[in-house]
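Read the structure below first, then the notes.
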Amino acid sequence: MSRPTVLVVTGPSGAGKGTLIRELLRRIPDLEVTVSATTRDRRPGEVEGREYWFLSPEDFLARIEAGDFLEHVEYVSGHRYGTLRSELERIRSNGHVPLLELETKGALRVRSDVAGAVTIFISATVDELERRLRERATEESGEIGERIALAREQLEQAGDFDYIVRNEELEPAVEELVELVRGLLTPAGTMSRP
Ligand code: 5GP
């Protein structure tokens, strides 16, 4: 099996993708996360060019028309999110493997369009998703209900991806994800066995 060209981490909003990815990046230095573009508002603590490139709806559309996106979606409340092709080039020129955190539609798009892409679905229980989404609740209250409904729907898509990691407890989930990704990045036959 050859090394993945891109790694995609997907799953419902509230599954804990962000926390797991932070741990993954800390432990596997070959990976570098793509910074997506979005039209949603910046949340407290978010920095332009670190969490996202925050674009106006007009600029986002212009970049779609220019063919600048690898994939893009319209998500809750009509906000757009997308991965710029330039992010992949930037990361590869650093000698790293691009890691994309995407909602499920974008992840499926990358899975079918990008040769050598590997997709990992982060799963959680419905109760846990609801709890995390309410806790986060930086969005207007109308949007929370919409996000929970969407998260439930997305949970059912787990079987469409290459691997599933259940995030019920953080530490075991981190271990499982790190082992999985190490295995994917290590050329066959060179993995050391305990
Ligand atoms: P949030 O607004 O909470 O930061 O992100 C909402 C959702 O958008 C998350 O599920 C996240 O994975 C997804 N997302 C972030 N960036 C992108 C992107 O570039 N493309 C796609 N398809 N989804 C994205």
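Numbering (our numbering), first residue to last: 6 to 199. Glycine included, every Cβ here is placed at the ideal spot set by N, Cα and C. Remember, it's a predicted structure, so these values are computed and weren't measured experimentally.
Taking the straight line between their C-alpha atoms, what separation do you get for residue 124 and residue 52? Here residue 124 is taken as the residue at index 119 of the sequence shown, counted from 1. Here residue 52 is taken as the residue at index 47 of the sequence shown, counted from 1. If you take the alpha carbons of residue 124 and residue 52, they lie about 27 Å apart.
Apart from the five residues on each side of it in sequence, which residues of its chain come closer than 8 Å, Cβ to Cβ, to residue 5? The structure shown does not extend to residue 5, since the chain is modelled only from 6 through 199, so no value can be given for it.
Would you decide whether residue 106 is buried or exposed? Buried here means 16 or more other CB atoms lie within 10 Å of its CB. Taking the sequence shown and counting its residues from 1, one reaches residue 106 at position 101. Classification of residue 106: buried, given that the 10 Å Cβ count is 16 or more.
With hydrogens ignored, establish whether the beta-carbon of residue 168 is closer than 6 Å to any heavy atom of the ligand 5GP. Translated into the one-based positions of the sequence shown, residue 168 becomes position 163. Checking every heavy atom of the ligand 5GP against the Cβ of residue 168, none is found closer than 6 Å.
Could you tell me which whole alpha helix (DSSP H) segments of length 4 or greater appear in the stretch 99 to 140? 109 to 118
Taking the alpha helix (DSSP H) that residue 15 falls in, what are its first and last residues? As a first step, residue 15 is located in the sequence shown; it is residue number 10 there, counting from the start. Not the alpha helix (DSSP H): residue 15 falls in the beta strand (DSSP E), residues 11 to 15.
Determine the direct distance from the alpha carbon of residue 154 to that of residue 26, and round the result to whole angstroms. On the sequence shown, position 21 is the one that residue 26 refers to. On the sequence shown, position 149 is the one that residue 154 refers to. Cα to Cα, the separation comes out at about 24 Å.
Below 7 Å CB to CB, which residues in the same chain sit around residue 101 once its five sequence neighbours on both sides are set aside? On the sequence shown, residue 101 is found 96 positions in, with the first residue counted as 1. Cβ neighbours of residue 101 beyond the five flanking positions: 35, 36, 37.
Would you say the beta carbon of residue 87 comes nearer than 6 Å to a heavy atom of the ligand 5GP? Stepping through the sequence shown from its first residue, residue 87 is reached at position 82. At least one heavy atom of the ligand 5GP is nearer than 6 Å to the Cβ of residue 87, so yes.
Between the Cα of residue 80 and the Cα atoms of 15, 65, 152, 16, which residue gives the shortest distance? The residue labelled residue 80 in the question sits at position 75 within the sequence shown. Nearest of 15, 65, 152, 16 to residue 80, Cα basis: 152.
Check whether the Cβ of residue 78 sits closer than 6 Å to any heavy atom of the ligand 5GP, and report yes or no. Stepping through the sequence shown from its first residue, residue 78 is reached at position 73. At least one heavy atom of the ligand 5GP is nearer than 6 Å to the Cβ of residue 78, so yes.
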